[in-house]
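Report on the structure given below.
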Amino acid sequence: MLVYFIRRLSGLVVVLLAMSFAVFCLQSIIPADPARAIAGPLTPLSSVNALRQQLGLDDPIIVQYGRFLSRLAEGDLGTSTRTRQPVAADIREYLPASLELSLAALCIGLVLAAVIAVMPRILGGSGGLRFLLIAAGSVPTFMSALLLVYFLWFRLGWLPGSGRMSKDDIGGPTGFNMIDALIGGRGDLSLDAARHLLLPALALALPIAVAVGRSLDSALREVMQQPYIGTARGKGLREAVVVLRHGLRNAASPALAMVGLQIRLLFGNLLIVELVFGWPGLGLYMVQSLSSADLPAVLGVTVVLGTFYILVNIVVEILQTLADPRIEL
Numbered sequence: 189m190l191v192y193f194i195r196r197l198s199g200l201v202v203v204l205l206a207m208s209f210a211v212f213c214l215q216s217i218i219p220a221d222p223a224r225a226i227a228g229p230l231t232p233l234s235s236v237n238a239l240r241q242q243l244g245l246d247d248p249i250i251v252q253y254g255r256f257l258s259r260l261a262e263g264d265l266g267t268s269t270r271t272r273q274p275v276a277a278d279i280r281e282y283l284p285a286s287l288e289l290s291l292a293a294l295c296i297g298l299v300l301a302a303v304i305a306v307m308p309r310i311l312g313g314s315g316g317l318r319f320l321l322i323a324a325g326s327v328p329t330f331m332s333a334l335l336l337v338y339f340l341w342f343r344l345g346w347l348p349g350s351g352r353m354s355k356d357d358i359g360g361p362t363g364f365n366m367i368d369a370l371i372g373g374r375g376d377l378s379l380d381a382a383r384h385l386l387l388p389a390l391a392l393a394l395p396i397a398v399a400v401g402r403s404l405d406s407a408l409r410e411v412m413q414q415p416y417i418g419t420a421r422g423k424g425l426r427e428a429v430v431v432l433r434h435g436l437r438n439a440a441s442p443a444l445a446m447v448g449l450q451i452r453l454l455f456g457n458l459l460i461v462e463l464v465f466g467w468p469g470l471g472l473y474m475v476q477s478l479s480s481a482d483l484p485a486v487l488g489v490t491v492v493l494g495t496f497y498i499l500v501n502i503v504v505e506i507l508q509t510l511a512d513p514r515i516e517l
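Heads up: the sequence shown begins at 189 in the numbering used here, then just goes up one per residue.
Shown next as structure tokens:
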């Protein structure tokens, strides 16, 4: 296990270096001048040139990258040219919203995956709901997000179509509005936060539900034909017990691998969904930074999301070994 962690953490460093260097090199490709962005459009050219020299933007790209790594080792991700704040502070402000949305989407996606794969075996029927979920999850995420907004907010008015709350974020120890509202004894605000969370989380959850549900369904179909399943049934166990106790655990490994893959894809869909729903998370911050050529912010978000991406891989691989001891780390 220790060797595995050392190997994976070494890989984490290599991947982060490669990703950050690729994004850093965009500075020499994108026709954007960070010095001009910081100084403003009305600042004289001489002042902009002086600022560029002060920031070291005239140095070779490898020298600038070396300075970035030196600052990164101290936890400094640079200063955003758009918000004029440290990128690390911006990320701390936006990250809780993205985490709250991602966790909600993952939970909803796994519940719906169980509806697709497990519920028909226990309860029978539910074929119509299964077909509806698979059809909805097969639609591209940006389209399902727009359809949810159109029907459930614009046409029916059942749920809010944008933002995290009807009022400003309430603040709190976790940064998750639903939980912070409960901690503060405000059930009404927690419900309001949940209503705002539901549509974007559902848009992100549908692809997860379909991919994981299908993977689990396929694995369960094979497992449920094994002799030990017949033995369990022969003992008179209820079908729900056979599926949940004997079938699900042995079918979990491929589904867990699919969960890991879907979490990686979720990071990409996060940008689209947060933009559609005006969700103030890292995805929206990233899109706004890209549109204003705010490269320090883009670089900072890339490093953070890349770190999450690799850590998720590690957790999924460990869970796979727990579900199936035949898999070695």
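Virtual Cβ for every residue (Gly too), placed ideally from N, Cα, C.
{"Query": "Is A206 close to chain D? Criterion is C-beta to C-beta, closer than 8 Å.", "Result": "No chain D appears in the structure shown, which is made up of a single protein chain."}
{"Query": "Jot down the residue ranges of each uninterrupted alpha helix (DSSP H) in the region 202 to 270, minimum 4 residues, whole runs only, in chain order.", "Result": "222 to 227, 233 to 243, 249 to 261"}
{"Query": "Closer than 6 Å by C-beta to L385: which residues in its own chain qualify, once you throw out the five before and the five after it? Chain order, please.", "Result": "A292"}
{"Query": "When you compare each of V400, D356, P361, P395 to A381 by their alpha carbons, which one comes out closest?", "Result": "D356"}
{"Query": "Whole angstroms is fine: what's the gap from D264's alpha carbon to G228's?", "Result": "24 Å"}
{"Query": "Look up P274 in the DSSP assignment and give the residues it is bridged to.", "Result": "T267"}
{"Query": "Could you name the residues of the same chain whose beta carbon sits closer than 8 Å to that of Q273, not counting the 5 residues immediately before and after it, in chain order?", "Result": "T267"}
{"Query": "So what's R383 in DSSP terms, helix, strand or just coil?", "Result": "helix"}
{"Query": "Taking the continuous alpha helix (DSSP H) assigned at Q413, which residues delimit it?", "Result": "Unbroken run through Q413: none, as it is neither H nor E."}
{"Query": "Below 8 Å on the Cβ atoms is my guess for A397 versus I304; work out the distance and round it to an integer in Å.", "Result": "6 Å"}
{"Query": "Taking the alpha helix (DSSP H) that F455 belongs to, which residues open and close that run?", "Result": "436 to 465"}
{"Query": "Could you tell me how far apart the beta carbons of L283 and L470 are, in whole angstroms, since I believe they sit closer than 8 Å?", "Result": "6 Å"}
{"Query": "With distances taken Cα to Cα, identify the nearest neighbour of S406 among L387, G424, G435, L472.", "Result": "G435"}
{"Query": "Less than 8 Å separating the beta-carbons of S480 and R270?", "Result": "yes"}
{"Query": "Can you tell me the Cα-Cα spacing of L298 and G401, whole angstroms?", "Result": "8 Å"}
{"Query": "Counting pairs of beta carbons, one from the region 444 to 464 and one from the region 412 to 419, are three or more of them closer than 8 Å?", "Result": "no"}
{"Query": "Between the Cα of L335 and those of P348, V430, A391, spot the shortest distance and give me the residue it belongs to.", "Result": "A391"}
{"Query": "Would you call the region 492 to 506 in contact with the region 444 to 456, where contact means no fewer than 3 C-beta pairs closer than 8 Å?", "Result": "yes"}
{"Query": "Helix, strand or coil for A481, going by three-state DSSP, please let me know.", "Result": "coil"}
{"Query": "To the nearest angstrom, how far is it from the Cα of P348 to the Cα of S378?", "Result": "14 Å"}
{"Query": "Would you kindly check if the distance between the Cβ of G488 and the Cβ of I217 is under 8 Å?", "Result": "no"}
{"Query": "So the candidates are N501, T490, Q242, D482; which of them puts its Cα closest to the Cα of L204?", "Result": "T490"}
{"Query": "Quick check: what's the CA-CA separation for L245 versus A206?", "Result": "21 Å"}
{"Query": "Out of L233, P232, L257, I226, state which residue places its alpha-carbon closest to the alpha-carbon of L243.", "Result": "I226"}
{"Query": "Express the C-alpha separation of K423 and Q414 in angstroms, rounding to a whole number.", "Result": "15 Å"}
{"Query": "How would you call T362, buried or exposed, if buried means at least 16 neighbouring beta carbons within 10 angstroms?", "Result": "exposed"}
{"Query": "Can you list, in chain order, the residues of its chain with a C-beta nearer than 7 Å to that of I296? Leave out the 5 residues immediately preceding and following it.", "Result": "A389, L390, A393"}
{"Query": "Apart from the five residues just before and just after V411, which ones in its own chain have a Cβ nearer than 6 Å to its Cβ?", "Result": "G435, N438, A439"}
{"Query": "List the whole-angstrom C-beta distance separating I506 from E427, where the pair is believed to meet the contact cut-off of C-beta under 8 Å.", "Result": "That belief does not hold up - the Cβ atoms of I506 and E427 are roughly 31 Å apart, past 8 Å."}
{"Query": "With distances taken from CA atoms, which of I502, Q241, Q508 is nearest R195?", "Result": "I502"}
{"Query": "Within the same chain, show all residues whose beta-carbon is closer than 6 Å to that of L324, passing over the 5 residues directly before and after it, in chain order.", "Result": "This sequence places Ala at residue 324; Leu is not what is there. Hits under 6 Å: L394."}
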